[in-house]
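*Asks:* Here it is, the structure, as structure tokens.
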Amino acid sequence: MQSIRGIHGRPIIVKPDASIADAAGRSPVDQHHPGSLSMSLQSVAERVVELCNQLKNFDVMHTMYDPEIVSVEPTGQQTVGKTPVIQKSERWAAGVEIHGETVRGPFYCAPDQFATQTTFEITRKATGQRETLNEITVYTVKNDLITREQFFFGGETW
9 MQSIRGIHGR PIIVKPDASI ADAAGRSPVD QHHPGSLSMS LQSVAERVVE LCNQLKNFDV
69 MHTMYDPEIV SVEPTGQQTV GKTPVIQKSE RWAAGVEIHG ETVRGPFYCA PDQFATQTTF
129 EITRKATGQR ETLNEITVYT VKNDLITREQ FFFGGETW
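Here it is as structure tokens:
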């Protein structure tokens, strides 16, 4: 096996049979479908998009979040743990009326990560101001659970 660095600087291994694995020997490729993503990552990613497009974001949180999930806001503020992350989202949701949510993706960015692009149509309850919010979220998946989410917002002041 030969070890080289991928485009993100992470070590990857090129095996003699030309398959690719990370430094731990895990392959992002489903061996039954050469060239495809791992079925675990793909199924988690597709389920997140499906549920969020049905406005079932809290179903995602309750069923697909790791107990020790880390949630990172655009400010860099981190919330750790499934219950605190859900509570943070509940506080945000309590302050807005959601008129619509469109989730695009998933977009794959690493053997254990995917991203989504979300547009929310909301009205802030405190001001009555209607807004469109755009968000990119990068998710990290391990053992079929989301272990990290990081948000990138556009058009919102921090």
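Numbers 9 to 166, taken from our numbering, label the letters of the sequence shown in order. Yeah, the Cβ is synthetic: ideal placement off N, Cα and C, and Gly gets one too. None of these values were measured; they are calculated from a predicted model.
Could you pull out every residue in the same chain whose Cβ sits closer than 6 Å to the Cβ of Asp-168, ignoring the five residues on either side in sequence?
*Replies:* Because the chain in this structure spans residues 9 to 166, residue 168 falls outside the shown range and cannot be described.
*Asks:* Assess, as a yes-or-no matter, whether the region 121-132 is touched by the region 102-110 under the definition of 3 or more beta carbon pairs within less than 8 Å.
*Replies:* Flag = yes, the region 102-110 and the region 121-132 touch.
*Asks:* Check this for me: beta carbons of Pro-75 and Lys-90, under 8 Å apart or not?
*Replies:* Yes; because the gap between Cβ atoms is below 8 Å, this pair is in contact.
*Asks:* Just list the alpha helix (DSSP H) runs in the region 43-83, keeping only unbroken ones of 4 residues or longer that don't cross its boundaries, in chain order.
*Replies:* 47-61, 65-72, all fully within the region 43-83.
*Asks:* Here's a check: name, in chain order, each residue in its chain whose Cβ is nearer than 6 Å to the Cβ of Tyr-147, leaving out the five neighbours to either side.
*Replies:* Here the set comprises Phe-122, Ile-154, Glu-157.
*Asks:* Tell me which residue opens and which closes the alpha helix (DSSP H) that Gln-95 is part of.
*Replies:* Looking at the DSSP string, the run of the alpha helix (DSSP H) that includes Gln-95 is 90-102.
*Asks:* According to DSSP, simplified to helix, strand and coil, what is Asn-151?
*Replies:* If DSSP states are grouped into helix, strand and coil, Asn-151 belongs with coil.
*Asks:* Going by the CB atoms, is the gap between Leu-141 and Phe-168 shorter than 8 Å?
*Replies:* The structure shown does not extend to residue 168, since the chain spans only 9 to 166, so no value can be given for it.
*Asks:* Three-state secondary structure (DSSP) at Glu-135?
*Replies:* Per the sequence shown, the amino acid found at residue 135 is Thr instead of Glu. Three-state result, Thr-135: coil.
*Asks:* Within 10 angstroms of its Cβ, does Pro-92 collect 16 or more other Cβ (buried), or is it exposed?
*Replies:* Classification for Pro-92: exposed.
*Asks:* Whose C-alpha, out of Arg-112, Arg-99, Pro-119, Asn-151, is nearest the C-alpha of Val-57?
*Replies:* The shortest C-alpha separation from Val-57 is found at Arg-112.
*Asks:* Measuring CB to CB, does Ile-94 end up less than 8 Å from Met-69?
*Replies:* Their beta carbons are under 8 Å apart, which means Ile-94 touches Met-69 by this criterion.
*Asks:* Sort Arg-55, Thr-83, His-107, Ile-77 by Cα distance to Gln-137 and report the nearest one.
*Replies:* Out of Arg-55, Thr-83, His-107, Ile-77, His-107 has the C-alpha closest to the C-alpha of Gln-137.
*Asks:* Please report the distance separating the alpha-carbon of Thr-83 from that of Ser-48.
*Replies:* In a straight line, the C-alpha of Thr-83 is about 30 Å away from that of Ser-48.
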